[in-house]
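J.: Have a look at the structure that comes next, please.
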Amino acid sequence: MTIEIDILTGDASQPQAQPLLDAVWPPASLAQRPWGHLAFANPDLRILLEADGELVCHVGIHTRMAMWNNRRMNIGGISSVATHPDHRRRGYASVALNAAIRTLRDREDVQFAVLFCDPHNIAFYEARGWQRFIGEVWCEQPGGRTRIDVMEPYTFDIKRGAGGGVIDLCGLPW
Ligand SMILES: CC(C)(COP(=O)(O)OP(=O)(O)OC[C@H]1O[C@@H](n2cnc3c(N)ncnc32)[C@H](O)[C@@H]1OP(=O)(O)O)[C@@H](O)C(=O)NCCC(=O)NCCS
């Protein structure tokens, strides 16, 4: 088995990633998700993990100048963690997540990372060192500034922890 990990520009690699994302989140099912009404940012970068030449896992990476407890700072974001249904429980998402965190650590100015997950994935992220953010997360939507309350916010220490309080993503969520 050959495993290959690429870190690609988000926009340029979108056509490559989309079939996997559609297999994990079929477009017809999106409207029924608690977050189906939200507009999301496209990732700046993507981790693409191939096994024997087949794309099996995806992680989106974001960086954003945001506000944390009224302080302006660069934060990282992780989005669309997805392993093809036929290739789960082989450690691919764990490997791809680690690669994404390493990529954020390589950026000198990223303070901590944020992701949003559905309740059934909380145990997966907590087992990988992510901590629930106790507080409010706000974002931009086409209709205006909105509090995110349909997904669970989790953070990961990069330079510092996020603790709790208020995060304003100052843009679309991921
Ligand atoms: C969550 C997901 C990305 C995990 O991918 P994966 O490649 O199977 O993950 P890994 O193989 O690295 O890790 C699997 C481990 O996590 C555990 N795990 C997977 N999903 C879990 C969940 N929802 N809750 C708790 N543990 C979970 C497995 O039991 C396994 O544990 P083990 O290592 O002790 O056997 C995959 O199930 C998926 O694509 N789900 C649908 C999309 C999704 O919900 N993504 C998360 C977006 S926030």
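When we follow our numbering, the leftmost residue of the sequence shown carries the number 2, and every step to the right adds one.
Glycine included, each C-beta is placed from N, C-alpha and C at the ideal position.
Which residues mark the beginning and the end of the alpha helix (DSSP H) in which residue 1 is found?
T.: Beyond the ends of the chain as shown, which are 2 and 175, falls residue 1; an answer cannot be given.
J.: I'd like the span of the beta strand (DSSP E) that includes residue 52, first residue to last.
T.: For this step, residue 52 is matched to residue 51 along the sequence shown. Residues 46-52.
J.: Would residue 31 be called buried (16 or more neighbouring beta carbons within 10 Å of its own) or exposed?
T.: Position 30 of the sequence shown, counting from 1, holds the residue named residue 31. With fewer than 16 Cβ atoms within 10 Å of its Cβ, residue 31 is classed as exposed.
J.: Within the stretch 85-135, note down every full beta strand (DSSP E) run reaching 3 residues or more, in order along the chain.
T.: 111-118
J.: Should residue 134 be listed as close to ligand 1, given that the test is whether its C-beta is under 7 Å from any heavy atom?
T.: Numbered from 1 along the sequence shown, position 133 holds the residue referred to as residue 134. Result no, Cβ not under 7 Å from ligand 1.
J.: By the three-class DSSP mapping on this structure, what secondary structure does residue 31 have?
T.: Taking the sequence shown and counting its residues from 1, one reaches residue 31 at position 30. In the structure shown, residue 31 sits in a helix (DSSP, three-state: H, G or I).
J.: Taking the alpha-carbon positions, what's the residue 38 to residue 163 distance?
T.: Taking the first residue of the sequence shown as 1, we reach residue 38 at position 37. Taking the first residue of the sequence shown as 1, we reach residue 163 at position 162. Answer to the nearest angstrom: the Cα atoms are 27 Å apart.
J.: Does DSSP classify residue 169 as helix, strand or coil?
T.: For this step, residue 169 is matched to residue 168 along the sequence shown. Residue 169 falls in the strand class under three-state DSSP.
J.: Can you name, in chain order, every residue of its own chain whose Cβ lies under 7 Å from the Cβ of residue 5, other than the five neighbours on each side?
T.: Within the sequence shown, numbered from 1, the residue matching residue 5 stands at position 4. Closer than 7 Å at the Cβ level, and outside the excluded window around residue 5, lie 51.
J.: Roughly how many angstroms separate the alpha carbons of residue 151 and residue 131, rounded to a whole number?
T.: Here the question's residue 151 lines up with position 150 in the sequence shown. Here the question's residue 131 lines up with position 130 in the sequence shown. Roughly 18 Å between the two C-alpha positions.
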